[in-house]
Amino acid sequence: MKVSDLSDAALNGLLLGDGLPLRTGPVVTRLRSAVPTVAAGLRLHYAEHTVEAEEGFCDFDVAVVRPRGLRRWWHPQVMFSFDDSLPFAPLPADQGFPMLEWGMNWCFTHHCHQYLTLHAAVVERAGHALILPAPPGSGKSTLCAGLVFRGWRLLSDELAVIEPSTGLIVPVPRPVSLKNQSIGVLRTFAPEARFGPVVKETLKGEVAHFAPPIEAVQRSADKPAPGWVVLPRYVANAPTTLQPLPKARALMHLVENAFNFNLHGRSGFERLAALVDRCGCFEFTYSRLDEAAALFARLADGTLSS
Amino acid sequence: MNRAPHPGSGQSSRQTVHLDLAADVLAHPEQLAGLSLAHWDRLVRQARQADVLARIASRLESEAALSSVPKAPRAHLEAALLLAQAQRDEVQREVGHLARLLNAMGLPLVLLKGAAYLMAGLQAAQGRLFADIDILVPRARLPEVESALMLAGWATSHHSAYDQRYYREWMHELPPMWHAKRGTTLDVHHAILPLTARLHPRSELLLDASVAAQGDPGVRVLAPADMVLHSMSHLVHNDELSHGLRDLSDLDLLLRQFGSRPGFWSGFVARTETLGLQRPAFYALDAVRERFATPIPEAVTTAASHWAPPRPLAVLMAALWRRGLRSHHPSARLPGTSAALFALYVRAHWVKMPPGLLVRHLATKGWKRWAGNDSPGSAARG
Chain A
134 MKVSDLSDAA
144 LNGLLLGDGL
154 PLRTGPVVTR
164 LRSAVPTVAA
174 GLRLHYAEHT
184 VEAEEGFCDF
194 DVAVVRPRGL
204 RRWWHPQVMF
214 SFDDSLPFAP
224 LPADQGFPML
234 EWGMNWCFTH
244 HCHQYLTLHA
254 AVVERAGHAL
264 ILPAPPGSGK
274 STLCAGLVFR
284 GWRLLSDELA
294 VIEPSTGLIV
304 PVPRPVSLKN
314 QSIGVLRTFA
324 PEARFGPVVK
334 ETLKGEVAHF
344 APPIEAVQRS
354 ADKPAPGWVV
364 LPRYVANAPT
374 TLQPLPKARA
384 LMHLVENAFN
394 FNLHGRSGFE
404 RLAALVDRCG
414 CFEFTYSRLD
424 EAAALFARLA
434 DGTLSS
Chain B
11 MNRAPHPGSG
21 QSSRQTVHLD
31 LAADVLAHPE
41 QLAGLSLAHW
51 DRLVRQARQA
61 DVLARIASRL
71 ESEAALSSVP
81 KAPRAHLEAA
91 LLLAQAQRDE
101 VQREVGHLAR
111 LLNAMGLPLV
121 LLKGAAYLMA
131 GLQAAQGRLF
141 ADIDILVPRA
151 RLPEVESALM
161 LAGWATSHHS
171 AYDQRYYREW
181 MHELPPMWHA
191 KRGTTLDVHH
201 AILPLTARLH
211 PRSELLLDAS
221 VAAQGDPGVR
231 VLAPADMVLH
241 SMSHLVHNDE
251 LSHGLRDLSD
261 LDLLLRQFGS
271 RPGFWSGFVA
281 RTETLGLQRP
291 AFYALDAVRE
301 RFATPIPEAV
311 TTAASHWAPP
321 RPLAVLMAAL
331 WRRGLRSHHP
341 SARLPGTSAA
351 LFALYVRAHW
361 VKMPPGLLVR
371 HLATKGWKRW
381 AGNDSPGSAA
391 RG
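Chains as they are written, first to last, in my numbering: chain A, 134 to 439; chain B, 11 to 392.
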């Protein structure tokens, strides 16, 4: 059963009661919330996602709730609850859906140590994954979003999840978040993207999410092998350039962008080294999404001259 | 502790049964075989919140039973094991640094609590997570130790004048220190109970009786009876019981391991009286036996009965501990837990400070919380 199969009454019944057991890739999250923007966000962004059986096992138990007391009414806030405790400070009430998304990312990176997880966007084409590791502000989210509408399958815009035993990349297809100017850029580049409301004045500025393409959700069990590691950098008015990156530097970059590298010790190092060995490693500078998409299409085809 | 309000009309149907699965499977590991997915769901939540998930996982691993756990919960157990192993490695490295530092000053490194269990290779280290390292140093050498630590890259926390005074004048430890480069946290104690508390177990006795953790005489732990008594006094003086079940489980494991050594129990009774820790020992023995059926010889139970408070108080306290030393997840809470935790919180402060000081302290903390500058770590790290 998918979220879109639930009537409004059924969905609200779960959100206000025992929780909606929502599958996103390898994990199942039990979700509860009385906040209307959260329910609306689930309807828009998670329509294709599977609803699991109520009496099963959920990896995470989360809620987006309004506080008791004064802050329920005065400058209203929302809070993120995990396993019935509150790991974060509250946020203004209109940030309920972004808070859910940030919270779900945190749940994964803080607990899913059966995987080696990097802070990176990942997309796939022709059976190979393109990993874009980068800190915020590098333009990786915008690039990832653009590629998703030019022939690449979304695995995740935030989490490169590596299965240690096989080296394959595990999809966690969820809404893609964009900030500030990137929102407008993508609306122009891909008018078919289904955006939710723009939430203003968050810690990151203006934030909006668009729904993951249906194919990305339907193929979430399809784990590709890694093919390329590309360090993206958006520079205004810069020409589109792809430069080879020495493998040792690529490896260090992956280590620096890993959430739980220290827990995997030596075998984590060896897994990342093996990944870098088999991947084409590049640095990428761009200012125009259409040129970027064209270049990556040629990279995927193997028609890019070195 | 911060509990989330529930959306919608209130409690969901999942939370009507007050089953402390986490404590039950620690006491009766055979229950782990054949748990339903719904039970695993509840157990993982409870155990993770009580910090005993890695211990449960470790027990399954040592019995080669992990592979029979269903796939979805098994991933969480394996993740917990990975985390516990990484922390063990970190503690061992840190102990190495600290031992070199203190030994160079002519002092042994005397470890307390989790780090002690680990370095002494005790059962109580099984599946244990470590938030920080606790050490015991002679009070007279405290300024010297603090200077040496700061030169080696340790920074103090709790920079407000009030907090500094709280720790240095009234408590039994320096403000927590953290290492700027390694990111680890260190609690330097000069006693196992605050200076302002009613009970005064003498630190010199503890230090003199300390034993080598394993081979190296420079890395030491408290003698078995002292280690047990420290665990007991920490349990009943703790104002923050989120690790209550874990600490009680530690005590159970310590008693099972030491209890089989000849002479332990008779030595324990004598030592309890020497250190003046009869009341904490009474409460702790009662709680651990009730929760984990820890084998305690009849003679010890008889001796402990002389350490009890008046019967009505003993009954009340037993009810409070039953609620406080349990997983605090809503699915495991007994009715009356919030009130019990509050009562234990007040009591912990009561036994740590004389009444006048307590009133002033709670008033100051309350004011600081309202004024918004009271979180312990806020001044420490950027």
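Note that beta-carbon positions come from the ideal geometry of N, C-alpha and C, so glycine has one too.
> So the beta strand (DSSP E) residue 187 (chain B) belongs to, where does it begin and stop?
Replying inline: Boundaries of the beta strand (DSSP E) harbouring residue 187 (chain B): 187-189, taken from the DSSP string.
> Counting only beta-carbon atoms, is residue 210 (chain A) nearer than 9 Å to chain B?
Replying inline: No, residue 210 (chain A) lies away from the interface with chain B (no Cβ there is under 9 Å from its Cβ).
> Are any of the Cβ atoms in chain A nearer than 9 Å to that of residue 345 (chain B)?
Replying inline: With 9 Å as the cut-off, residue 345 (chain B) does not count as an interface residue toward chain A.
>> DSSP three-state label for residue 202 (chain B), please.
In response: If DSSP states are grouped into helix, strand and coil, residue 202 (chain B) belongs with coil.
> Using a Cβ-Cβ distance under 9 Å, would residue 190 (chain A) count as near chain B?
Replying inline: So yes, residue 190 (chain A) belongs to the interface.
> So residue 287 (chain A) packs on residue 318 (chain A), CB below 8 Å; how close in whole Å?
Replying inline: So it is not a contact: roughly 17 Å between Cβ atoms.
> Out of A:136, A:414, A:297, which has the shortest C-alpha to C-alpha gap to residue 185 (chain A)?
Replying inline: Comparing alpha carbon positions, the residue from A:136, A:414, A:297 closest to residue 185 (chain A) is A:136.
>> If contacts are defined as beta-carbon pairs under 8 Å, then residue 289 (chain A) and residue 254 (chain A) qualify, I think. What distance do you get, rounded to the angstrom?
In response: Contact flag correct, Cβ pair sits at about 7 Å.
> Is residue 128 (chain B) close to chain A, meaning its C-beta is less than 9 Å from at least one C-beta of that chain?
Replying inline: Cβ-Cβ to chain A under 9 Å: no for residue 128 (chain B).
> Taking Cβ-Cβ distances shorter than 8 Å, what residues in chain B pair up with residue 395 (chain A)?
Replying inline: Those are 96, listed as they occur along chain B.
> What separation, rounded to the nearest whole angstrom, lies between the Cα atoms of residue 114 (chain B) and residue 250 (chain A)?
Replying inline: So the alpha carbons of these two residues sit roughly 41 Å apart.
> Under a Cβ-count criterion, where at least 16 other Cβ atoms within 10 Å of its own Cβ denotes burial, should residue 134 (chain A) be classed as buried or exposed?
Replying inline: With fewer than 16 other Cβ atoms within 10 Å, it is exposed.
>> Restricting to runs no shorter than 4 residues, where is the alpha helix (DSSP H) found entirely within the region 202-278 of chain A?
In response: Taken in chain order, the unbroken stretches of alpha helix (DSSP H) that lie wholly in the region 202-278 of chain A and span 4 residues or more are 229-244.
>> Three Cβ pairs or more, each shorter than 8 Å: is that satisfied between the region 59-73 of chain B and the region 123-142 of chain B?
In response: Yes: at least three Cβ pairs fall under 8 Å.
> What does residue 339 (chain B) touch in chain A if you count any residue whose Cβ is under 8 Å from its own?
Replying inline: Within 8 Å Cβ-Cβ: 216, 217.
> Where does residue 163 (chain A) fall in DSSP's three states?
Replying inline: Here residue 163 (chain A) carries a strand assignment [DSSP, helix/strand/coil].
> Roughly how many angstroms lie between the CA atoms of residue 52 (chain B) and residue 337 (chain B), to the nearest whole one?
Replying inline: Separation of residue 52 (chain B) and residue 337 (chain B) (C-alpha to C-alpha, rounded to the nearest whole angstrom) is 11 Å.
> Around the C-beta of residue 38 (chain B), are 16 or more other C-beta atoms found within 10 angstroms, so that it is buried, or is it exposed?
Replying inline: It is exposed - the Cβ of residue 38 (chain B) has fewer than 16 other Cβ atoms within 10 Å.
> For residue 231 (chain B), which residues from the same chain have a beta carbon less than 6 Å from its beta carbon, with the 5 sequence-adjacent residues on both sides left out?
Replying inline: 121, 126, 130, 223.
> Roughly how many angstroms separate the alpha carbons of residue 395 (chain A) and residue 389 (chain A), rounded to a whole number?
Replying inline: One alpha carbon belongs to residue 395 (chain A), the other to residue 389 (chain A), and they sit about 11 Å apart.
> Comparing the C-beta of residue 228 (chain A) with each C-beta of chain B, is any distance below 9 Å?
Replying inline: Answer no: the Cβ-Cβ gap between residue 228 (chain A) and chain B never drops below 9 Å.
> Going by Cα to Cα distance, which pick from A:370, A:375, A:349, A:157 is closest to residue 238 (chain A)?
Replying inline: Ranking the options by Cα distance to residue 238 (chain A), first place goes to A:157.
>> Just to confirm before moving on: does the CB-CB distance between residue 301 (chain B) and residue 335 (chain B) stay below 9 Å?
In response: Yes, the pair counts as a contact, with Cβ atoms nearer than the cut-off.
> Would you say residue 405 (chain A) and residue 387 (chain A) are within 9 Å of each other, going by their C-beta atoms?
Replying inline: It is a contact, given that the beta carbons lie within the stated cut-off.
> With a Cβ-Cβ cutoff of 9 Å, do residue 393 (chain A) and residue 242 (chain A) count as a contact?
Replying inline: Yes, they are a contact pair.
>> Taking 9 Å as the threshold (C-beta atoms), are residue 229 (chain A) and residue 152 (chain A) in contact?
In response: No, they are not a contact pair.
>> Let me confirm a value: residue 323 (chain B) is counted as buried when at least 16 other C-beta atoms fall within 10 Å, else exposed. Which label applies?
In response: In this structure residue 323 (chain B) is exposed. Its beta-carbon is surrounded by fewer than 16 other beta-carbon atoms within 10 angstroms.
>> In this structure, how does DSSP classify residue 304 (chain B) when only helix, strand and coil are distinguished?
In response: DSSP places residue 304 (chain B) outside both helix and strand once states are collapsed to three, so it counts as coil.
>> Using CA atoms only, rank isn't needed, just tell me which of A:416, A:384, A:412, A:415 is closest to residue 403 (chain A).
In response: When each option's Cα is compared against that of residue 403 (chain A), the closest is A:384.
> So, residue 297 (chain B) versus residue 328 (chain B), is the Cβ gap smaller than 9 Å?
Replying inline: Yes, these two residues count as a Cβ contact at 9 Å.
>> With a threshold of 8 Å, are at least 3 pairs of Cβ atoms found where one atom belongs to the region 328-341 of chain A and the other to the region 272-284 of chain A?
In response: No: fewer than three Cβ pairs fall under 8 Å.
> Thinking C-beta only, is residue 87 (chain B) closer than 9 Å to residue 66 (chain B)?
Replying inline: The answer is yes: Cβ separation under 9 Å.
> residue 344 (chain A) to residue 177 (chain A), Cα distance in whole Å?
Replying inline: Within the model, the alpha-carbon separation for residue 344 (chain A) versus residue 177 (chain A) is close to 7 Å.
>> Quick check on residue 150 (chain A): buried or exposed, where buried means 16 or more other Cβ atoms within 10 Å of its Cβ?
In response: Buried: at least 16 other Cβ atoms inside 10 Å.
> Is it right to say residue 80 (chain B) is buried, meaning 16 or more other beta carbons lie within 10 angstroms of its own, or is it exposed?
Replying inline: Exposed: under 16 other Cβ atoms inside 10 Å.
> Any idea if residue 446 (chain A) is buried or exposed, counting beta-carbon neighbours within 10 angstroms, 16 or more meaning buried?
Replying inline: The structure shown does not extend to residue 446 (chain A), since chain A is modelled only from 134 through 439, so no value can be given for it.
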